[in-house]
Structures are given as structure tokens and as C-alpha cells.
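S.K.:
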């Protein structure tokens, strides 16, 4: 087996023996094989001891009697814990002195013979060096900074703390009190460098100037009377409208549900007792009428009393201020849409009744175009009979349609009553008046048209016939006057003339010659110059005439007398002034 080669740094020797760990042994105690090495080590150790002795002699204290102690005298060396405790006490004294603002007391070095470490190491510790390792480590840089009497006297080369905890524990600068006018003021204004770095620095602080923005006085603003009352009223009105909308929507939804279901077409049975008879019967049955004791008519608890209440009828004032809404005339497309929607509702109701069995289903509507498709086999077997059936159904439908139209048609009396009601409604909106001047009314047809149209439109007034000209005054509703104006100015052809027809005997108009369409020679009069003019049109407060009529006036005095009764004599002078 090959012998293991020893490691050079190992404590073993070349011959396999272990090297002793003690460094205080003399070179003579070493083995023969290590004589050169031990000799060099012994030499270096002797030189180190000589240097230590030379340095220790510098710090040796003089004795009380002034004589130096013998060089060979050396007391017992203190233990390691005692030296550590002495260093800690010295550090505490130094920190306390720095806080009190006094210089720390100088520590006297121990005698050389009592030092636990070599003198070079002690010198390094007294100089506050950055020695590392062991118990001879120097002070922390933060403690070195606190040891100064004034932190502002530190130089640029002073070591700043590098730990967050140390920076937080640093003491701030002591405030400086400056003398003022009879008072002491605390000067906490930072330096120029600090104000540049501090974004929240305000130069007005401590300078007696107002801080922040300048205070601006605001005027008092009072609320108007009734402001919040109006707001509350608006909120109440809005809430009430919302409730009404919800109620309408709920009713519409229920109505739609009732219409879509079959229950909407079922007639409910009548109640046992109607609500108006409930308070008069002792039992909920009409059989109690046979027993007078069960009828509450003359009893004390009867709802029938000797008192009669007549509520006062008050006419609502807002109805007088309502503006009548003009009727909306629908277009042909809108009329078709309304008819389609109405028929859809009717068919829907009819279909529901057919589903419930209340009505029989209608027979199929057979026409010439679909009879082969509807009656397929029957049409092929006997087409002549099917065609006759289809023609009969078509004829029946036509007759039913015409009969329905006749049933809807108003009678003669109903038509007259309807027309009269419309004319009264038209006249209730306001009375209008028109005055026309006609050069000649010799043609009987013209007189008939003027008279019959005035009666048909329920107009009042009169026609004054005179040899110079004729004056026609009409009164009535707006619509009637509009139609009569169109008749007088557009429809009647005033230049027409024809031979007179037979007239009744005693007619006043037939007795005068200037009201006939022919002259004394029996020839037709020339009416090419004849025309009609509207000389006045306007509204009046009430009717001036009670009915419609015509008067023949031979002279102007008679015509003015008739017009004076109606306070319209000025119209004759106006008509006469017109050429």
C-alpha cells in the first residue's frame, strides 16, 4: 500500500510526528528536522518583543516617590473581561460628555505590563482606527460624529451614516433663539441648501408674513323665500306623476292579460244582492222582500232618512279657459291603418269566441279563383253545381254588404238634425256678416239662388231690391258665410238671362217691371254689365236680424228705413258711393 503524502500546511512533520501547537516553546524544544525554521521564528519573535518593550516604556507612569519601577517588575496581567468592561465604560463616558457639551476626559493608558494586547494594537485602538476583528474594534462612525461638540463644525471628510436606523436616530440641529424686540423668537428657518432640497418649504414661515393665499372676504348669500318650498313641491308633484304612471302601466298590463286570456270573455254571474240594495235588506238575499220585518226602510238603522242633500253645482273655471282643439283630418294612409287595426281587434275577439264555442266557425269563403282549391274533389265530380254554389255565395255576400250600408245610412230626419246641429255649433263660435252689392237682380234664377242658399245655410238677413241696385246682408257662422261668399262671388253667373217662367198671381216681384228679365218690348234685358261686389265683411257681437227675408223698395227712403231698424243705414251710403 502506497504511503499517503502529507499536506504541507498540516500540523504533521516530515517524519510523521505531530507538531506542537504552542508558539511560546523555545527553539530548542523543536525536533532536529525543523531547526532552521524554528531559528527564524525565534529571531522574529525576539525582534517583536524588543519593539513592544520600547513602545511600552513611552507610556509608563512615574511612581509616587518619583523613582522608576524596576524593569523586571511586572504585575499580574488583568483578564480579558476586565479590559472589555473598561473599554465600554470609557465609551459611555465619551457619549455622555458629548451630550453634555463638554470634552470627554482623556483616558490614561494602562501600564505596559498590564496590557492584555501588544502595544501596537493598543496604539491603533487609542487612535480610533478602523481596525477590524477581535475585541479591539474601533467606534462606530455615528458615535464618532456624536462625539463632536458641534455637528455643524464637521468637515467634508466626516463619515455620514449609511443605515436607515442610524439616520432616523440622528439628533436634529438645536434651535437657535434670536433676540427680538423684548421677546425671544425661535429661529427654525432652514438654511439655503435645505430650502432648495425641501419641496414643501415656505419662505413666509417665521418671517411674520401671511402664509398661503391672501384671504378674500365673501359676501353673505341668502336664499329667496319659498325656494325650498318650491323644490319640495316639485318633488311631490314628480312623485305623484310617477305613481300615476305606474298605476296606468299596471292597469294596462292587467287589461292586456285579461284580453289575452279566455276569462275575459266569460260573463260573471250576477250577485245575490246588488250593492244599492245591500243596505236595505237584513239578509243577503232578495227572498227577504216577502218578509216586511227584514226590510230596512222604516227602521232606525235604515239608510233612508227625511233629509235630502242637494250638492252645490260649481262650474269649473278652467273649462272656460280651454282652447278648443281643432279636428285632426287623417290622410288616406292613416285611415287605412285605423281601419286595419280596428278590424284586427274585432277578428281577434271573434276568434276567441269561436274557440270558446260561443259562435260557430264561419264557412269557407269560396270565390271563382279558389273554388277548385277549396272544393277539389267535389269540383271535379260536379263542376256545374260547384259553380252555381259559388255564384250564390258571391251574390249573398254582395246583398249582405249593401244591406249593412243601408242600415248604417241616416234617415232624412236624422240628416236634417245632424246638419242643424252642425250649423248651431258653427254659429256658437262667432257671428260673421257680409254685405254684397248687385247691380241688377232682374233674372229670377239669381233671386232664387240667393234666397235658397241663405235658407239652407241657416243664415239671417235680408235682400233689399231697388231700381238703382240691390243690397244683400247675410249673418251666420264662419263656415256658412264662407260657403255663401263663394256662391255670390264665384258660382253665380251674373251675366246670364232668360225668359221668365210662369209666376204665381199676387207675387209682388212680378208686379214691378224693373224686376222682370224682359223690357216693355218683350225683349231680354242686357245683363252683360251686371256684377256682384263685396262691400263689407267682419264679425259682429250678435245677430241684427231674426230671420231671412227680402224686401222690394221703390225709393231710397224705404231701403234706408229698413236698414235703420238694424242700425245698418251706413251700408246704403257706402254701396251708393261705389261706382
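Numbering (the UniProt record's numbering), first residue to last: 1 to 579.
Yeah, the Cβ is synthetic: ideal placement off N, Cα and C, and Gly gets one too.
Computed from a predicted model, the values in this text were never measured in an experiment.
Cβ of residue 566 within 6 Å of any heavy atom in the ligand SAH?
M.R.: In the structure shown, the ligand SAH is absent, as is every other ligand, since no ligand is present at all.
S.K.: Is it right to say residue 357 is buried, meaning 16 or more other beta carbons lie within 10 angstroms of its own, or is it exposed?
M.R.: exposed
S.K.: Would you please state the rounded distance, in angstroms, between the beta carbons of residue 552 and residue 465? I believe it to be under 8 Å.
M.R.: 5 Å
S.K.: At which residues does the beta strand (DSSP E) containing residue 534 begin and terminate?
M.R.: 532-540
S.K.: Within 10 Å of its beta-carbon, does residue 546 have 16 or more other beta-carbons around it, so buried, or fewer, so exposed?
M.R.: exposed
S.K.: If you draw a straight line from the C-alpha of residue 45 to the C-alpha of residue 51, how long is it?
M.R.: 10 Å
S.K.: Just reading off the alpha helix (DSSP H) that residue 312 is part of, what are its end residues?
M.R.: Careful: residue 312 lies outside any alpha helix (DSSP H) and carries neither H nor E.
S.K.: How is residue 545 classed by DSSP in three states: helix, strand or coil?
M.R.: The three-state secondary structure of residue 545, taken from DSSP, is coil.
S.K.: What's the call for residue 571, buried or exposed, on a 16-neighbour Cβ count within 10 Å?
M.R.: buried
S.K.: Just the C-alpha distance for residue 440 and residue 493, rounded to the nearest angstrom, thanks.
M.R.: 12 Å
S.K.: Do residue 549 and residue 462 have their CB atoms nearer than 7 Å?
M.R.: yes
S.K.: Would you mind reading off the limits of the alpha helix (DSSP H) that contains residue 460?
M.R.: Residue 460 -> not in any alpha helix (DSSP H); beta strand (DSSP E) instead, spanning 460-465.
S.K.: Within a Cβ cutoff of 6 Å, which residues of the same chain sit near residue 123, ignoring the five residues on either side of it in sequence?
M.R.: Residue placement at residue 123 is flagged as unreliable, the pLDDT there being 45, under the threshold of 50; a coordinate-derived value is accordingly withheld.
S.K.: Return yes when the Cβ of residue 534 is within less than 7 Å of the Cβ of residue 495, no when it is not.
M.R.: Remark: C-beta atoms of residue 495 and residue 534 do not approach each other more closely than 7 Å.
S.K.: Rounded to whole angstroms, what's the CA-CA distance from residue 428 to residue 399? Just pull it up for me.
M.R.: Put simply, the backbone Cα of residue 428 is about 43 Å away from that of residue 399.
S.K.: Please list the terminal residues of the continuous beta strand (DSSP E) segment that includes residue 432.
M.R.: 431-438
S.K.: Quick check on the DSSP output: the alpha helix (DSSP H) that includes residue 428 runs from which residue to which?
M.R.: 412-428
S.K.: If you count every other CB in all the chains shown that lies within 10 Å of the CB of residue 338, and 16 or more means buried, which is it?
M.R.: Only exposed fits residue 338, as fewer than 16 other CB atoms lie within 10 angstroms of its CB.
S.K.: Is residue 325 helix, strand or coil by DSSP?
M.R.: coil
S.K.: Looking at C-alpha atoms only, which residue of 497, 540, 543, 529 is the closest neighbour of residue 583?
M.R.: Residue 583 lies beyond the stretch modelled for the chain, which goes from 1 to 579, so this question has no answer here.
S.K.: Mind the definition here: the region 473-486 touches the region 419-434 only if three or more C-beta pairs lie below 8 Å; say whether that holds.
M.R.: yes
S.K.: Let's see if you can read the secondary structure: which residues bound the alpha helix (DSSP H) around residue 380?
M.R.: 376-381
S.K.: Which of helix, strand or coil does DSSP assign to residue 472?
M.R.: strand
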